[in-house]
Ligand code: SAM
Ligand code: SF4
Ligand code: SF4
């Protein structure tokens with residue numbers, strides 16, 4: 039086992055998020071707006087994507103450096119052909135304690151059982167509203183709420199629990215869905231996580247006025263279903279947790295804009311074409327695919343990753359300002375959430 043690496047702010051590398059495709063069957067307005075991601079948009083060609091062999095190899099290097107949690111994401115990860123096979127390969131790596139996947143849920147009803155059988159531990163499903171008009175306006179491809187709910191049900195039946203449900207909250211778009219979402223999933227064992235609309239990428243027209251602060255989300259729910267704060271499960275947990283006082287479960291809020299959590303950030307990200315990013319808001323990364331395809335050994339790969347991590351200074355959310363929001367950043371659908 040290689041020595042664990044710590045960055046310049048004392049943070050180890052613990053979580054690895056791997057994007058397996060930059061394509062998606064949704065066009066969520068906050069992530070892949072149709073005006074940009076249309077028929078003229080050039081997605082990555084197949085040979086530019088990391089193969090399963092390459093992903094597995096890179097994942098092993100990260101596990102050796104201290105990674106314990108792996109999350110598959112995208113784009114929409116369930117669009118990647120043979121995703122179950124990749125899950126199986128990653129599940130077989132010694133040292134991976136938690137293997138999860140984030141999906142929009144559209145293909146989940148069809149795939150949940152195979153994913154669980156391959157060794158996936160849990161899923162996170164994105165769902166921005168229970169109201170069909172609101173949800174369809176947000177996914178912008180007319181996908182119905184019922185399709186996602188079927189996916190969630192199938193995942194629960196397959197044992198991919200507890201399921202986390204991500205809801206991005208955007209001012210004037212779906213804030214009226216906050217309380218109904220909380221109500222619908224109370225008592226199910228699933229955990230809804232309300233996410234502040236973030237300024238990832240440069241195409242989603244982000245502005246601070248569109249952000250509903252997490253504190254407001256908590257207040258709105260607490261008024262109807264009283265909540266108590268809960269301590270984090272582990273250092274570096276992204277969501278702040280709250281428990282229903284009546285015992286009906288818990289919710290989380292991800293306040294990356296109003297209450298940044300860079301101090302505990304132990305996440306590395308690999309894009310679908312094998313570029314390593316040490317921050318969701320990075321504008322530059324390190325090309326691991328070229329290293330792999332040029333014949334680098336595992337030791338050489340580990341050396342590069344360790345050096346990049348050791349030099350890491352990222353704390354974008356803590357220093358977010360007019361100066362940083364003007365920077366060119368990679369898109370969420372490319373780097374993965
Ligand atoms: N397609 C999958 C999905 O939607 O779950 C996985 C990839 S998606 C980029 C991962 C997560 O990022 C989703 O929960 C999505 O809602 C969230 N996300 C995308 N753009 C966002 C933004 N601008 N602000 C906050 N969250 C965002
Ligand atoms: Fe696709 Fe997920 Fe982005 Fe929506 S948030 S466009 S489902 S990648
Ligand atoms: Fe981590 Fe970057 Fe997000 Fe801060 S802004 S929590 S460093 S990904």
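In the numbering used here, the protein residues as written are 39 to 375.
Glycine included, each C-beta is placed from N, C-alpha and C at the ideal position.
Same chain, Cβ closer than 8 Å to residue i, five either side skipped, listed in chain order
i: residue 203; result: 162, 163, 164, 165, 190, 219, 223, 228, 229, 230 and 231
i: residue 348; result: 43, 44, 45 and 46
i: residue 339; result: 95, 96, 99, 326, 329 and 330
i: residue 138; result: 107, 108, 109, 110, 158, 159, 160, 161 and 162
i: residue 265; result: 256, 259, 280, 281, 282, 283 and 289
Three-state secondary structure (DSSP) of residue i
i: residue 290; result: strand
i: residue 267; result: strand
i: residue 282; result: strand
i: residue 155; result: helix
i: residue 64; result: coil
i: residue 181; result: coil
i: residue 43; result: coil
i: residue 232; result: strand
i: residue 50; result: strand
i: residue 355; result: helix
i: residue 55; result: strand
Span of the beta strand (DSSP E) around residue i
i: residue 205; result: 202-207
i: residue 314; result: 313-315
i: residue 328; result: That residue, residue 328, is in no beta strand (DSSP E); its alpha helix (DSSP H) goes 326-331.
i: residue 108; result: 107-111
i: residue 23; result: Residue coverage of the chain in this structure runs from 39 to 375, which leaves residue 23 outside it and unanswerable.
i: residue 307; result: 305-308
i: residue 160; result: 160-164
Close beta carbons around residue i, own chain, < 6 Å, minus the five adjacent residues each side
i: residue 54; result: 100, 105, 108 and 306
i: residue 212; result: 166, 167 and 172
i: residue 186; result: 143 and 165
i: residue 353; result: 300
i: residue 278; result: 291
i: residue 61; result: 81, 113 and 117
Neighbourhood of residue i by C-beta distance below 7 Å, restricted to the same chain and skipping five residues each side
i: residue 66; result: 176, 177 and 178
i: residue 188; result: 147
i: residue 356; result: 298 and 300
Endpoints, the alpha helix (DSSP H) within which residue i is located
i: residue 371; result: 370-373
i: residue 128; result: 121-129
i: residue 257; result: 252-262
Residue i Cβ short of 7 Å to ligand 4 heavy atom set
i: residue 370; result: Annotation note on ligand 4: not contained in the displayed structure, which lists ligand 1, ligand 2 and ligand 3 as its ligands.
(message) Whether or not the region 239-248 and the region 304-318 are in contact is what I'm after, with contact meaning three or more pairs of Cβ atoms, one per stretch, closer than 8 Å; do they touch?
(response) no
(message) Under 8 Å, with one C-beta from each stretch per pair, do the region 126-142 and the region 74-87 reach the 3-pair mark?
(response) no
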